[in-house]
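Participant:
Numbering (our numbering), first residue to last: 1 to 569.
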């Protein structure tokens, strides 16, 4: 039955002169060999575009075609059908009214699926045709585990009350409630990975528990009323990270590895005592994603060209600066990935080691046993390295050793927590380094931030606000007829208007004139020369370049660079 229908669809396309008989025969042969739907075979062979096929199918079946990318879905309506059944029958509930359900299906002619859906939904159904790839994307986006997390929290809370355990003694009888705790954590991690969260926050309050996920740099919150589960979750996470479960008065740091949906993640865990328990923050590092090539970090072409030249120098210091979460580590690892050849001995000193890289000798500092940055660096210099990466220049001694290494024939990479490239060199001097030494070894500074990308599914043109226009008038080198974009919010971006992040960069090359001002420790003249450099573009303007291209919004650039939008008013 299904085969004859599919052949009929093929014959219809031939009749409409959208494909030839030879193309249909080839698609039928592929369909018979692989079992894939005839329409998919025609698309895969390049004989017809998917949109054209879907429109023809919808017309033939006398049902609407729904583009899920532009359709406003409601989670409560979708969830009348479970995720399992939605995937199984390639169906999604689009709408509900007094007449029943509107169900989107990849194959509305699948009689067996229709019968099962009627049994499950128990209401009249009308059908719409949807694209399979869009349907699977929607399932991934919409079937979040927030309800399951709440249900597991309630189950765990009831278990804790029922067994009347002293939470401080849970290590004695952990197995009795271990299963719901582990299941709840698995669900939290699964939800975080599904929405591509970078961090998971577990925060106890007086009468509730907050679970917050950082998605594209912004926190999204779920409230749980079962506040007493917080200590059970914290205890289990501490055990996983090998931390002291009896210590609740001091902050602790640890890490562990997990596998979620076939991907390996390293989890960096930090605990901190707060007024109602312990706050836990976990950073998720996807080890399965692999390292980004330097070309894919997001550097503008001219910056990438200058950076590529800088990292070929035999010695000197390159700094990458920005606040926590600005992508410094990604840039550094991209550089290391480029430099990692058989001819180079590379040693890194990190806290923590975030990504393991073959051939590179990576050292994890351990302050508890006095294995500090400065102590490791002194030993590193006796290991005959060509390139040294120092995770962060934190103190005067580490700065001094790093500068000495750069002066004695090594190329040194490191990071600083500064606001822009211009202040980074001066910060080294403020930390006790001699001006002449900084002038001799500093080659370049990269400052960076991460801004949210406008969701490409719901992006539309918009007119800047009066405050943004005032800022634009005060900003140099701004095209007068620039067209800006913003996301209006859709299912794909969780109605935020943003989806994903991209870096904005500021590259400062230390010229002889700048080096002379560093030697003299003349910060005012140093800043003036930077401003007068023709090729220098600060973070603000590189961010504006992306806003002009419609990649991000003006408001996002202003937010992330900390500019005062009223400065031009």
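C-beta atoms are modelled at their ideal positions from N, C-alpha and C, and glycine is treated no differently.
On a predicted model such as this, the values are computed, not experimentally measured, just so you know.
Compute the distance between the beta-carbons of residue 353 and residue 448, then report whether it is under 8 angstroms.
Facilitator: In this structure, residue 448 does not lie closer than 8 angstroms to residue 353 by Cβ.
Participant: Taking the C-alpha atoms as reference points, what is the distance between residue 365 and residue 424?
Facilitator: Using only the alpha carbons, I get a separation of about 24 angstroms.
Participant: Report the option in 191, 123, 187 and 546 whose CA atom is closest to the CA atom of residue 453.
Facilitator: When only C-alpha atoms are compared, the closest one is 546.
Participant: Report all residues from its chain with a CB closer than 7 angstroms to the CB of residue 576; omit the five preceding and five following residues, and keep chain order.
Facilitator: This structure cannot speak to residue 576, because the chain is shown only from 1 to 569.
Participant: Report the partner residues of residue 204 according to the DSSP bridge assignment.
Facilitator: The partner list for residue 204 (beta bridge, DSSP) reads 209.
Participant: Provide the residue(s) that pair with residue 366 in DSSP beta bridges, ordered along the chain.
Facilitator: 371, per the DSSP bridge assignment.
Participant: Which of the three DSSP states, helix, strand or coil, is assigned to residue 243?
Facilitator: Coil at residue 243, not helix or strand.
Participant: With a threshold of 16 other CB atoms inside 10 Å of the CB of residue 552, please say whether the residue is buried or exposed.
Facilitator: Per the 10 Å Cβ criterion, buried.
Participant: So, helix, strand or coil for residue 309, using DSSP?
Facilitator: Looking at residue 309 - three-state DSSP - the assignment turns out to be helix.
Participant: Check whether the segment 509–525 touches the segment 239–255, counting contact only when three or more Cβ pairs, one atom from each stretch, lie closer than 8 angstroms.
Facilitator: With the cut-off at 8 angstroms, the segment 509–525 and the segment 239–255 do not touch.
Participant: Roughly how many whole angstroms lie between the Cα atoms of residue 532 and residue 284?
Facilitator: Computed Cα separation, rounded: 41 angstroms.
Participant: Just verifying my parser: in three-state terms, what is the DSSP assignment at residue 445?
Facilitator: Reduced to three states, the DSSP call for residue 445 is strand.
Participant: Taking the continuous alpha helix (DSSP H) assigned at residue 430, which residues delimit it?
Facilitator: Element bounds for residue 430: 421–430.
Participant: Note down the Cα distance separating residue 177 from residue 393, rounded to an integer number of angstroms.
Facilitator: Low per-residue confidence applies at residue 177: pLDDT is 47, beneath 50, and the placement is therefore not dependable enough to give any value.
Participant: Going by the CB atoms, is the gap between residue 450 and residue 326 shorter than 8 angstroms?
Facilitator: Their beta carbons are under 8 angstroms apart, which means residue 326 touches residue 450 by this criterion.
Participant: Kindly indicate which three-state DSSP category residue 226 falls into: helix, strand or coil?
Facilitator: Three-state DSSP puts residue 226 in coil, outside helix and strand.
Participant: Are residue 470 and residue 445 close, meaning C-beta to C-beta below 8 angstroms?
Facilitator: Going by C-beta atoms, residue 470 is not nearer than 8 angstroms to residue 445.
Participant: Determine the direct distance from the alpha carbon of residue 540 to that of residue 561, and round the result to whole angstroms.
Facilitator: Taking the straight line from one Cα to the other gives about 6 angstroms.
Participant: Identify the continuous beta strand (DSSP E) that holds residue 535 and give its terminal residues.
Facilitator: Taken as a continuous stretch (DSSP letters only), residue 535 belongs to no beta strand (DSSP E), as it is neither H nor E.
Participant: Just checking, does the segment 222–239 make contact with the segment 193–206 on the three C-beta pairs under 8 angstroms criterion?
Facilitator: As far as the Cβ criterion goes, the segment 222–239 touches the segment 193–206, which means the pair count is three or higher.
Participant: Which one or two residues does DSSP pair with residue 125 in a beta bridge?
Facilitator: Answer by DSSP bridge pairing, in chain order: 101.
Participant: Taking residue 487 as part of the beta strand (DSSP E), name the residues at either end of that continuous run.
Facilitator: Residue 487 -> beta strand (DSSP E) spans 484–487.
Participant: Just checking my contact of residue 104 with residue 91 at CB under 8 angstroms: how many whole Å lie between their CB atoms?
Facilitator: Between residue 91 and residue 104 the Cβ distance is about 7 angstroms, and since that is below 8 angstroms, they are a contact.
Participant: Using the C-alpha atoms, what's the distance from residue 83 back to residue 493?
Facilitator: Using only the alpha carbons, I get a separation of about 19 angstroms.
Participant: Look at the Cβ atom of residue 389, then the Cβ atom of residue 428, and state whether they are nearer than 8 angstroms.
Facilitator: No, the Cβ-Cβ distance between residue 389 and residue 428 is not below 8 angstroms.
Participant: Quick one: is residue 44 buried, meaning 16 or more other Cβ sit within 10 Å of its Cβ, or exposed?
Facilitator: Classification of residue 44: exposed, given that the 10 Å Cβ count is below 16.
Participant: Can you grab the Cα-Cα spacing for the pair residue 438 / residue 415, in whole Å?
Facilitator: The straight-line gap from Cα to Cα measures roughly 15 angstroms.
Participant: Just to check my reading of the structure: residue 378 and residue 401 have Cβ atoms closer than 8 angstroms, yes? What is that Cβ distance to the nearest angstrom?
Facilitator: Between residue 401 and residue 378 the Cβ distance is about 6 angstroms, and since that is below 8 angstroms, they are a contact.
Participant: In angstroms with no decimal places, state the Cα-to-Cα distance between residue 53 and residue 28.
Facilitator: Computed Cα separation, rounded: 15 angstroms.
Participant: Express the C-alpha separation of residue 543 and residue 505 in angstroms, rounding to a whole number.
Facilitator: One C-alpha to the other measures close to 8 angstroms.
Participant: From residue 409 to residue 312, what distance separates their C-alpha atoms?
Facilitator: About 13 angstroms.
Participant: For residue 95, count neighbouring Cβ atoms within 10 angstroms of its own Cβ and tell me buried if that reaches 16, exposed if not.
Facilitator: Residue 95 is buried by the Cβ-count criterion.
Participant: In whole angstroms, what is the alpha-carbon distance linking residue 276 and residue 220?
Facilitator: Approximately 21 angstroms, taken between the alpha carbons.
Participant: What residue range is occupied by the uninterrupted beta strand (DSSP E) comprising residue 25?
Facilitator: Careful: residue 25 lies outside any beta strand (DSSP E), inside the alpha helix (DSSP H) at 21–34.
Participant: Take the Cβ of residue 192 as the centre, count every other Cβ of all protein chains shown within 10 Å, and call the residue buried at 16 or more, exposed below.
Facilitator: Buried, by the Cβ-count rule.
Participant: Going straight from the alpha carbon of residue 143 to that of residue 462, what length do you get?
Facilitator: Taking the straight line from one Cα to the other gives about 31 angstroms.
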